[in-house]
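Residue numbers (numbering that gives the first Met the number 0): 0 to 362. Notes follow the structure.
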Amino acid sequence: MTRLKAVILAGGFATRLRPLSCARPKTLFPIVNKPLLEWIFQGLSDNGVNEAILAVNALTQFHIKQQHPRKHGLKLKFSIDPPKTPLGTAGPIKKAEKLIGHDAPFIVLNGDIFAYLNYKELFDTHVKSGALATIALCKVDDPSRYGVAEMGKGNCIKRFIEKPPRDKAPSNLINAGVYVLSPKVFDYIPSGRPVSVEREVFPILAEEGKLFGHFVNGLWMDIGKPEEYLETNRIILDSLTKNIKQKKAKNFELNYPVALDTGVSIGEKSVIGPYAILGKNVKVGKNVQINNSVIFADVTIDDCVSIDGAIIGEAAKIGKNVKICCDCIIADHAKVRDNLELSGKVCPGKEVSENVLKPKVHC
Ligand code: GDD
Ligand code: MG
0 MTRLKAVILA GGFATRLRPL SCARPKTLFP IVNKPLLEWI FQGLSDNGVN
50 EAILAVNALT QFHIKQQHPR KHGLKLKFSI DPPKTPLGTA GPIKKAEKLI
100 GHDAPFIVLN GDIFAYLNYK ELFDTHVKSG ALATIALCKV DDPSRYGVAE
150 MGKGNCIKRF IEKPPRDKAP SNLINAGVYV LSPKVFDYIP SGRPVSVERE
200 VFPILAEEGK LFGHFVNGLW MDIGKPEEYL ETNRIILDSL TKNIKQKKAK
250 NFELNYPVAL DTGVSIGEKS VIGPYAILGK NVKVGKNVQI NNSVIFADVT
300 IDDCVSIDGA IIGEAAKIGK NVKICCDCII ADHAKVRDNL ELSGKVCPGK
350 EVSENVLKPK VHC
């Protein structure tokens, strides 16, 4: 039996999630207290995939090895971009050619999207149609941030355009960042230089009539922007807490939906939730209010703090009587002194001793 393989592309730079992404790759951002990559592994494993090849840079490989996400039974291999030369989205596929092999089609996924799709159905459709590439297609309101497909007859993609201006997009069917490739596609990717699958490979395959699309209905979310990251957490939190019994807390209040990882402690009269996600060992003082926010592991929050609509990075320390709101992002290990108001962005390890009210990065 052939082993079903998937390549996960995760060597990009996640500029729109800075400064949080300065300290960790997007694929390791927690979604309800579990790294995105672990959700991806689970989805692949549930669909019969046996092996995943992580196409990353050396720094991302280091972070993944440090976090060692649960593999869900997958055999994992790394394929590393050369130092200082990111290979784009097709270059890493070519580089992993030997690991992938030529015996069967394989799945490729962008490591920065949260999706729960029927990969098996996508794979089977690909095999049946005889296409060289089959892209999972989603419908969105604004396709201009994505790769857009213009459909021809049947499921054939007539034209593929990466990030067209909104008024020039031929449809609102976009590349979900998941596709199946036949080994023949290796011949379309030049080796030894960065290559974009979306700009250099898909358009040629479309011209030759060898690019197909398969509309997918499952859950699909891009976590590229902070508001999308928070929204993804809200949606998954909703689905995970739908049927759970709400626990009554003694000295503090939990307004569901909330998610508390192990080792969380909460002080008297604090009100947590709705939509508060607290990572491992987060320490919350007295009279604290947290809602609509994601707090990474090992964060310490002192008394009388209010947090609304924020993302707080690992091991950050928040002083007494601090107000954090309005899409505020505080990166890992930052320190916020007492009596401040924050609605901007704070870089990793930065100590903040004055109000940050502008959305600019405070480094
Ligand atoms: N190894 C490696 N090397 N991976 C890379 C590199 C690189 O040089 N550059 C990007 N990647 C990875 C990213 O980490 C990400 O997981 C994936 O390739 C796609 O790159 P992005 O930079 O996130 O692209 P995008 O979001 O602008 O657009 C892509 O995704 C959309 C769906 O979210 C395209 O595939 C679009 O067509 C698609 O609609
Ligand atoms: Mg992306």
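Backbone N, C-alpha and C define an ideal beta-carbon position, used for all residues, glycine too. Just so it is clear, the structure is predicted and the values come from calculations on it, not from any experiment.
Distance CB(residue i)-CB(residue j) smaller than 8 Å
i, j, result
"residue 112", "residue 222", "yes"
"residue 145", "residue 48", "no"
"residue 19", "residue 212", "no"
"residue 188", "residue 89", "yes"
"residue 274", "residue 233", "yes"
"residue 379", "residue 271", "Here the chain covers residues 0 to 362 and nothing more, so residue 379 does not appear."
"residue 43", "residue 105", "no"
"residue 215", "residue 136", "yes"
"residue 333", "residue 304", "no"
"residue 258", "residue 46", "no"
"residue 163", "residue 139", "no"
"residue 184", "residue 132", "yes"
"residue 27", "residue 63", "yes"
"residue 101", "residue 182", "yes"
"residue 82", "residue 103", "no"
"residue 326", "residue 314", "no"
"residue 236", "residue 276", "yes"
"residue 29", "residue 278", "yes"
"residue 128", "residue 154", "yes"
"residue 228", "residue 310", "yes"
"residue 246", "residue 253", "yes"
Residue nearest to residue i in terms of C-alpha spacing, selected from the options
i, options, result
"residue 53", "10, 293, 46, 42", "10"
"residue 226", "27, 34, 62, 328", "328"
"residue 307", "285, 318, 194, 342", "342"
"residue 219", "114, 37, 276", "114"
"residue 174", "297, 192, 198, 206", "198"
"residue 21", "55, 59, 34", "59"
"residue 201", "251, 66, 130, 249", "130"
"residue 86", "238, 71, 191", "191"
"residue 241", "12, 25, 353, 255", "255"
"residue 94", "55, 330, 217, 161", "55"
"residue 66", "41, 99, 269, 24", "24"
"residue 292", "231, 251, 248", "231"
Span of the beta strand (DSSP E), counted from its first residue to its last, around residue i
i, result
"residue 406", "As displayed, the chain neither begins before 0 nor continues past 362, which places residue 406 out of reach and without an answer."
"residue 187", "Note, residue 187: premise wrong, no beta strand (DSSP E); not H, not E."
"residue 109", "105-109"
"residue 307", "305-307"
"residue 147", "146-150"
"residue 133", "132-138"
"residue 174", "172-180"
"residue 114", "112-115"
"residue 158", "156-161"
"residue 6", "4-8"
"residue 221", "218-221"
Nonlocal neighbours in the same chain, by C-beta distance under 8 Å from residue i, ignoring five residues either side
i, result
"residue 50", "2, 3, 4, 5, 73, 74, 75, 76"
"residue 224", "15, 16"
"residue 302", "266, 284, 285, 286, 287, 319, 320"
"residue 150", "156, 157, 170, 172, 212"
Same chain, Cβ closer than 6 Å to residue i, five either side skipped, listed in chain order
i, result
"residue 282", "264, 299"
"residue 122", "179"
"residue 134", "174, 178, 212"
"residue 316", "299, 334"
"residue 68", "34, 36, 37"
"residue 260", "32, 278, 279"
"residue 250", "267"
Terminal residues of the alpha helix (DSSP H) in which residue i lies
i, result
"residue 232", "225-240"
"residue 119", "118-128"
"residue 201", "201-206"
Cβ-based neighbour list, residue i, same chain, cut-off 7 Å, excluding 5 preceding and 5 following
i, result
"residue 176", "108, 109, 112"
"residue 165", "141, 143"
"residue 205", "156, 157, 158, 159"
"residue 208", "155"
"residue 203", "187"
>> At 4 residues or longer, what runs of the alpha helix (DSSP H) sit wholly inside the region 311-353?
In response: List check, alpha helix (DSSP H) in window: nothing returned.
> What beta strand (DSSP E) runs, 3 residues minimum, are completely inside the region 21-108?
Replying inline: Segments of the beta strand (DSSP E) lying fully in the region 21-108: 50-55, 74-79.
>> Runs of 3 residues minimum, wholly inside the region 251-297: which ones carry the beta strand (DSSP E) assignment?
In response: Unbroken beta strand (DSSP E) stretches of 3 residues or longer found wholly inside the region 251-297: 257-259, 275-277, 288-290, 292-294, given in chain order.
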